[in-house]
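This report refers to the structure that appears directly beneath it.
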Amino acid sequence: MSSLLDLAPVIPVVVIDDAETAVPLARALVAGGLPVIEVTLRTPVAREAIARIAAEVPEATVGAGTIRTSDDISASVAAGARFLVSPGTTLSLVEALDASGVPYLPGAATVSEAMALAERGIKELKFFPAEAAGGVPYLKALGGPLPDVRFCPTGGIRADTAAAYLALPNVGCVGGTWLTPADALAAGDWSRVEKLASEAAALT
Numbered sequence: 007m008s009s010l011l012d013l014a015p016v017i018p019v020v021v022i023d024d025a026e027t028a029v030p031l032a033r034a035l036v037a038g039g040l041p042v043i044e045v046t047l048r049t050p051v052a053r054e055a056i057a058r059i060a061a062e063v064p065e066a067t068v069g070a071g072t073i074r075t076s077d078d079i080s081a082s083v084a085a086g087a088r089f090l091v092s093p094g095t096t097l098s099l100v101e102a103l104d105a106s107g108v109p110y111l112p113g114a115a116t117v118s119e120a121m122a123l124a125e126r127g128i129k130e131l132k133f134f135p136a137e138a139a140g141g142v143p144y145l146k147a148l149g150g151p152l153p154d155v156r157f158c159p160t161g162g163i164r165a166d167t168a169a170a171y172l173a174l175p176n177v178g179c180v181g182g183t184w185l186t187p188a189d190a191l192a193a194g195d196w197s198r199v200e201k202l203a204s205e206a207a208a209l210t
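So in this note's numbering, the last spot in the sequence shown is 210, and the numbers never skip.
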């Protein structure tokens, strides 16, 4: 797999409450031009949703987000997750992520966290929570002392702010929840999801 940060400008961060919506949701995102999908482990059906997308939407690259434990890692990989994303990073978690054999984006929100991961040779990170942690100005400042580290900022990013992040040289892509509004999912309004995805796919 190519770098996760280079596959699409936006990674949809998806919370799925009904596993029946997983496949049509993934198909709508792929049709809109966003093939990389992060399903967060925040609901009881998340792993089933990952398994369904992996089995029925092969053109999608589905991953698991909100990875916090080694159990999360093993269960997600077993379900078919092709990448893993954590909100933050502890030593034991990064060791388990290393051992998983699956690409991953470990979470970092401070210079020290980013430096600690870079020391381990990990140069592609999730920056979370992006807006709350300082947003575009913070990431711009990190580019000076950490020029070899690239980020996928996630958390509070909207359609109208994503482009400012993507303009930074140390940002490869952004993660966002705005592509899958809860009311659209509940209504099965997949054309709306596809439209939001196509608009996001056009961002540079």
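Quick reminder that beta carbons are idealized off the backbone N, C-alpha and C, glycines included.
Residue(s) in a DSSP beta bridge with residue i
{"i": "Y171", "result": "Paired residues: none, contrary to the question."}
{"i": "L185", "result": "Looking at the DSSP assignment, L185 forms no beta bridge with any residue, so it has no partner."}
{"i": "A114", "result": "F133"}
{"i": "C158", "result": "K132"}
{"i": "A138", "result": "DSSP lists no partner for A138."}
CB-CB length for residue i against residue j, believed under 8 Å
{"i": "E130", "j": "L11", "result": "6 Å"}
{"i": "L209", "j": "V16", "result": "6 Å"}
{"i": "L40", "j": "P18", "result": "6 Å"}
{"i": "S9", "j": "G178", "result": "7 Å"}
{"i": "A70", "j": "V45", "result": "6 Å"}
Cβ shell of residue i (< 6 Å), same chain only, five flanking positions each side left out
{"i": "I59", "result": "A28, A32, A66 and V68"}
{"i": "R126", "result": "none"}
{"i": "A102", "result": "S76 and I79"}
{"i": "A168", "result": "V180 and L209"}
Classification of residue i by the beta-carbon crowding that lies within 10 angstroms, buried from 16 upward
{"i": "D1", "result": "Since the first residue shown for the chain is 7 and the last is 210, residue 1 is missing from the structure and cannot be characterised."}
{"i": "G141", "result": "buried"}
{"i": "G181", "result": "buried"}
{"i": "P64", "result": "exposed"}
{"i": "A206", "result": "buried"}
{"i": "S92", "result": "buried"}
Same chain, Cβ closer than 7 Å to residue i, neighbours up to 5 away in sequence not counted
{"i": "N176", "result": "L145, L148, G149, V155, R156 and F157"}
{"i": "A136", "result": "P159, T160, G161, G162 and I163"}
{"i": "A190", "result": "R198 and V199"}
{"i": "A37", "result": "E200"}
8 Å Cβ cutoff, residue i in contact with chain D
{"i": "V36", "result": "Protein chains in the displayed structure number just one, and chain D is not present."}
8 Å CB neighbourhood of residue i in its chain, flanking five on each side removed
{"i": "R88", "result": "M7, A60, T67, V68, G69, V108 and P109"}
{"i": "G194", "result": "T27 and P30"}
Legend entry - Three CB pairs or more closer than 8 Å across the region 25-33 and the region 86-99: no
Legend entry - the region 196-207 touching the region 147-160, judged by at least three CB pairs closer than 8 Å: no
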